[in-house]
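Engineer: The numbers in the working numbering rise by one with no breaks, and the one at position 67 of the sequence shown is 70.
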Amino acid sequence: MFTDWTEALEAESLPLEPSPAQQLAAAARVTARASRDKDDLGLLLDVLGLPTDPDTLTALLPLLPESGDAPTMTNTTPAAPALSAHEAMAISMHNNGDSQQAIREATGLSESELSDLIADQILGLPRTAADSPAIDVPVIPLAVAVSTEVQELLAWAAAHPAASVRSRATRITADLCELSERRDSEAAQREAEEKVAQAKAELEKAQEQLRTVKAGTRTTAAATAPTPIRTGLGSGRTREELAAIRTWARANGHQVADAGMMRKTVLEAYDAAHQAPVRKAG
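1) Compare the beta carbon distance of Leu3 and Ala88 with 8 Å and say whether it is the shorter of the two.
2) Just tell me which of Leu63, Asp119, Leu64 and Ala62 has its CA closest to the CA of Glu90.
3) What is the rounded straight-line gap between the Cα of Gln278 and the Cα of Ala260?
4) Need the endpoints of the alpha helix (DSSP H) that Leu157 sits in, please.
5) Please state whether the Cβ-Cβ distance between Leu47 and Thr34 is less than 8 Å.
6) Buried or exposed for Asp187, going by 16 or more other Cβ atoms inside 10 Å?
7) To the nearest angstrom, how far is it from the Cα of Asp40 to the Cα of Glu114?
8) Using the beta-carbon count (16 or more within 10 Å), is Ser38 buried or exposed?
9) Quick one: what does DSSP say Thr55 is sitting in, helix, strand or coil?
10) By how many angstroms is the C-alpha of Ser167 removed from the C-alpha of Ala177?
11) If you follow the alpha helix (DSSP H) that Pro23 is in, where does it begin and where does it stop?
12) Near Val269, what residues of its chain come up, given a Cβ to Cβ distance below 8 Å and the 5 sequence neighbours on each side ignored?
13) Applying the 10 Å Cβ sphere with the 16-neighbour rule, what's the burial state of Met264?
14) Smallest Cα separation from Ala3: which of Ala272, Glu271, Thr250 and Asp42?
15) Going by DSSP in three states, Gln258 sits in which element: helix, strand or coil?
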């Protein structure tokens, strides 16, 4: 009797609240029982902020329904399909009192999907829609040719139940389109710059040819142009005529140099003296 009371007192002194480590371990076990496979388990643990190291995953693998931990059904009624990671997360958030809008934003579930999930898992009512409803995936055209593997990856991401994954697919597709447009724009700009540079080079060549032709024309004109007869003092007179004028000028009292230009008055006097007989004779 004393021993029983001692054990009762010892049990009464034990803490009723589990430690944080125990709480995390219990949450991980519940998550494992609600997961479909190892990948689903890892994704759900990561979303819930629980450990995802290899040791933790290995210890939780026996708890997966496919590993034989699920209860054996003795009747012919088919077992309900295991919840996906996002569905389990939605149930957990609903139990924590989160609003349906917050649950939909975090899990990517539609309003009808969330309502059916709550009716099936919380209220025990049958779902009105199929277990795996089709997701309306927006078709995002790509302006750049990508490999089949990349196209399949983007299609998978665009059809993913998680809103964050679908958003990332949309963002990546938009980035690819933007990069393609920028590449085409820069290529067109380079082509235009090359054409401008080529046109400038041809223009400079033509201008150089024009300058050469103009210079050759001026040289030819200068070489072929006759030397003009200078008008003025002594123009149009030969050396013999100038010598005769000097002789006449000295004989008639005019002072003239032996060479060079003679004064206009001397030339006019000479012309007048030699033209007067002609006029008289006429």
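Where is the CB? At the ideal position from N, CA and C, for every residue including glycine.
Structural biologist: On the basis of the supplied data:
1) The requested residue 3 is not part of the displayed model; the chain covers only 4 to 285.
2) Asp119
3) 24 Å
4) Thr151 to Ala161
5) yes
6) exposed
7) 26 Å
8) buried
9) coil
10) 15 Å
11) Pro23 to Arg36
12) Ile248, Ala252, His257 and Val259
13) exposed
14) Within the shown structure, residues of the chain are numbered from 4 to 285, placing residue 3 beyond reach of any answer.
15) coil
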